[in-house]
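Trainee: In this text, residue positions in the sequence shown follow our numbering: the first is 44, and each later residue adds one.
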Amino acid sequence: MSNEGNEIIELDKENILNTYKRFPLAIKEGKGSKFYDYDGKEYIDFSTGIGANTFGACDDLWVEAVCNQAKTVQHTSNLYYTKPQVELASMLVKRTNMKKVFFANSGAEANECAIKAARKYSYDKYGEGRNEVITLVNSFHGRTVLTLSATGQDVFHQWFYPFVDGFKHVIASDIDDLNKAISDKTCAIMIETVQGEGGVVALDSEYIKYIDKICKEKDLVFIVDEVQTGNGRCGYLYSYMEYGVRPNIVSTAKGLAGGLPFAAILFDEKLANTLSYGQHGTTFGGNPVCASAAVSVLKRIDDKLLAHVHEARAFIEKKLSGVEEVISITGKGLMVGVELKEGLKATEIANSCIENGLIVLTAKTKIRFLPPLNISLEDLNKGLDIFIKVLKEAK
Ligand SMILES: Cc1ncc(COP(=O)(O)O)c(C=O)c1O
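This is the structure:
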């Protein structure tokens, strides 16, 4: 790495809180599915900033939408009406058949809002005490104290006591375990259709359909956390759409604004009027620049793009089939988990990929790919060639 790159790494270590195990790479710039470091070295990007850069780096149409809005008005607060917000909300409502939208800044905030709304719905209708939310073991819902409490991984339940009461974690895709957990205290069930941080594990479709059914029968709030799976990532606008189910609340973030911090929480008719004046709010949520970026992203998540996501997935599966070091490919669409042969360590493989010009992610013991949704098959092929070479050289 050049002096400038090294200097950035040193200044980072000196001045920034040490909460990330960063890879030894300082990214200078990017275009499409490629990033460049300070030596001008090229990297194929299979990470998109963890699923945020929907159309890769500095996509022309996205840049235009962002710059136009930044030149018009960058921020107003939520005390006034803005066109980008209503344009985006109308598009989301139309395309999901949900009824109302709230905008936030991050996935964790989106889930906070979803849980608050679910509890308030139950409080309004059934009074105190019916406030338990069932989530899944190995789920990930965010880093605030509430969303850490929702997250079904013990590793996150340390140090920051007291956590928030009222969460039960059940084994994913196990209907019996779910039934045992439901009681007259339950108000909501919250899932990711594919557990991303939990290891790129897709839930059984029968399980997802069962949750939809039981929530309707018992008037529970069905929340789908589409922070990572949403916005085309799994080959559908929102991943729940694959299963013919209808959640009461959908939270989404990451890819929604194509690389700007933004989130949306969608409510169906049951929840549409649950939160009202003064009961929730944010300074930046719904920011016009982010909302304009999201409008431009959402417009392009059409049938053609979704077909490309499916095609790209099939391409990856074909290319990696028969590679001895790959045990299985998990996930959906361009949310790809690669289970490695015993003995291969995901972090070491990810480091070697970077040395060889490919950026990948890890999820538990797997390698995870979240490439741009419009990545060309040519770039995909180039990246996979590097990945296979790294696997073959790893010992
Ligand atoms: C499913 C899911 N929910 C919530 C979050 C938290 O999102 P954020 O980091 O934007 O707060 C993540 C982040 O990885 C996620 O994957």
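Heads up, the beta-carbon is just placed ideally off N, CA and C, and yes, glycines get one too.
(1) Taking the CB atoms as reference points, tell me whether Leu387 and Ala355 lie closer together than 8 Å.
(2) Leaving out five residues on either side along the sequence, give the residues of the same chain with a beta carbon under 6 Å from the beta carbon of Asn291.
(3) Within 10 angstroms of its Cβ, does Pro67 collect 16 or more other Cβ (buried), or is it exposed?
(4) Since Asn394 contacts Lys432 with CB under 8 Å, what's their CB separation in whole angstroms?
(5) Can you tell me which residues form a DSSP beta bridge with Tyr86?
(6) So does the segment 214-228 actually touch the segment 237-252, counting three or more Cβ pairs closer than 8 Å?
(7) Using the Cβ count rule (16 or more neighbours within 10 Å means buried), how would you classify Tyr124?
(8) Which same chain residues end up closer than 8 Å to Tyr281 when comparing Cβ atoms and leaving out the 5 residues on each side of it in sequence?
(9) Based on DSSP bridge pairs, tell me the residues matched to Asp311.
(10) Which partner residues does Lys143 have in the DSSP bridge list?
(11) To the nearest angstrom, how far is it from the Cα of Ile257 to the Cα of Val109?
(12) Give me the residue from Glu240, Met233, Thr115, Asp262 with the minimum Cα distance to Tyr250.
(13) Rank Arg276, Gly75, Val340, Lys126 by C-alpha distance to the C-alpha of His353 and give the top, closest one.
(14) From Thr194 to Ala161, what does the alpha carbon distance come to, in whole angstroms?
(15) Taking only heavy atoms of ligand 1 into account, decide whether any of them is closer than 7 Å to the Cβ of Ile93.
(16) Flag this pair as touching only if the segment 141-148 and the segment 182-200 have three or more C-beta atom pairs under 8 Å; answer yes or no.
(17) List the DSSP bridge partners of Val267.
(18) Per DSSP, what kind of secondary structure is Gly99 in: helix, strand or coil?
(19) Quick one: residues in its chain with C-beta nearer than 7 Å to the C-beta of Pro127, no 5 flanking neighbours on either side, listed in chain order?
(20) In this structure, does DSSP put Phe430 in helix, strand or coil?
(21) Report the three-state DSSP secondary structure of Thr115 (helix, strand or coil).
(22) State the Cα-Cα distance for the pair Ile93 and Lys223, rounded to the nearest angstrom.
(23) Give the range of the alpha helix (DSSP H) segment to which Ala69 is assigned.
(24) Using only alpha-carbon positions, find the residue among Asp82, Tyr81, Gly75 that is nearest to Asp88.
(25) Is Arg276 near ligand 1, going by C-beta to nearest heavy atom under 7 Å?
(26) Assuming contact is defined by CB atoms lying nearer than 8 Å, are Ser133 and Cys230 in contact in what I supplied?
(27) Is the beta carbon of Val340 sitting closer than 8 Å to the one on Ala300?
(28) I want to check one thing, is the minimum distance from the CB of Asn222 to the heavy atoms of ligand 1 below 7 Å?
(29) Quick one, which of Tyr204, Asn181, Arg173 has its alpha-carbon nearest Val188's?
(30) Leaving out the 5 sequence neighbours to the left and right, which residues in its chain are closer than 7 Å to Ile344 when beta-carbon positions are compared?
(31) Under 7 Å from any heavy atom of ligand 3, does the C-beta of Ala296 make it?
(32) Any heavy atom of ligand 1 closer than 7 Å to the Cβ of His184?
(33) Of all the beta strand (DSSP E) runs that stay within the bounds of the segment 364-404, which reach a length of 3 or more residues?
Mentor: Taking the definition as stated:
(1) No, these two residues do not count as a Cβ contact at 8 Å.
(2) Hits under 6 Å: Val264, Phe265, Asp311, Lys313, Leu314.
(3) With fewer than 16 Cβ atoms within 10 Å of its Cβ, Pro67 is classed as exposed.
(4) In fact, because the Cβ distance is near 14 Å, the residues do not count as touching under 8 Å.
(5) Answer is Phe78, bridged to Tyr86.
(6) Result yes; three or more Cβ-Cβ pairs closer than 8 Å.
(7) So Tyr124 counts as exposed.
(8) These residues qualify, in order along the chain: Thr139, Val267, Glu269, Thr272, Gly273, Asn274, Val293, Thr295.
(9) Asp311 is bridged by DSSP to nothing; it lacks a bridge partner.
(10) Note: Lys143 sits in a beta bridge opposite Phe310.
(11) If you draw a straight line from the Cα of Ile257 to the Cα of Val109, it is about 42 Å long.
(12) Nearest Cα to Tyr250 within the set Glu240, Met233, Thr115, Asp262: Met233.
(13) For His353, the nearest C-alpha among the options comes from Arg276.
(14) If you take the alpha carbons of Thr194 and Ala161, they lie about 16 Å apart.
(15) Taking the Cβ of Ile93 as the reference point, at least one heavy atom of ligand 1 falls within a distance shorter than 7 Å.
(16) A contact between stretches requires three or more CB pairs, one per stretch, nearer than 8 Å, and the segment 141-148 fails this requirement with the segment 182-200.
(17) Residue pairing of Val267 in beta bridges, as defined by DSSP: Ile234, Val293.
(18) In this structure, DSSP gives Gly99 a state outside helix and strand, which the three-state scheme calls coil.
(19) If you ignore the 5 residues before and after Pro127, its C-beta comes within less than 7 Å of the C-beta of Gln112, Pro331, Ala334, Ser335, Val338, all in its own chain and listed in chain order.
(20) Taken through DSSP and simplified to helix, strand or coil, Phe430 comes out as helix.
(21) Helix, per DSSP.
(22) About 35 Å.
(23) Looking at the DSSP string, Ala69 is not in any alpha helix (DSSP H), and its letter there is neither H nor E.
(24) Residue Gly75 is the option with its Cα nearest to Asp88.
(25) Checking the Cβ of Arg276 against ligand 1 gives no.
(26) Taking the C-beta atoms as reference points, Cys230 is found no nearer than 8 Å to Ser133.
(27) For Val340 and Ala300, yes; Cβs fall inside 8 Å.
(28) Taken from the Cβ of Asn222, every heavy atom of ligand 1 lies 7 Å or farther away.
(29) Residue Tyr204 is the option with its Cα nearest to Val188.
(30) Listed in chain order, the non-local C-beta contacts of Ile344 below 7 Å within the same chain comprise Asn274, Gly275, Leu280, local neighbours out to five positions each way being set aside.
(31) In the structure on display, ligand 3 does not appear, and the ligands it does have are ligand 1.
(32) A distance criterion of 7 Å places the beta-carbon of His184 in contact range of ligand 1, judged by its closest non-hydrogen atom.
(33) Along the segment 364-404, the beta strand (DSSP E) occurs as fully enclosed runs of 3 or more residues at 369-375, 378-383, listed in sequence order.
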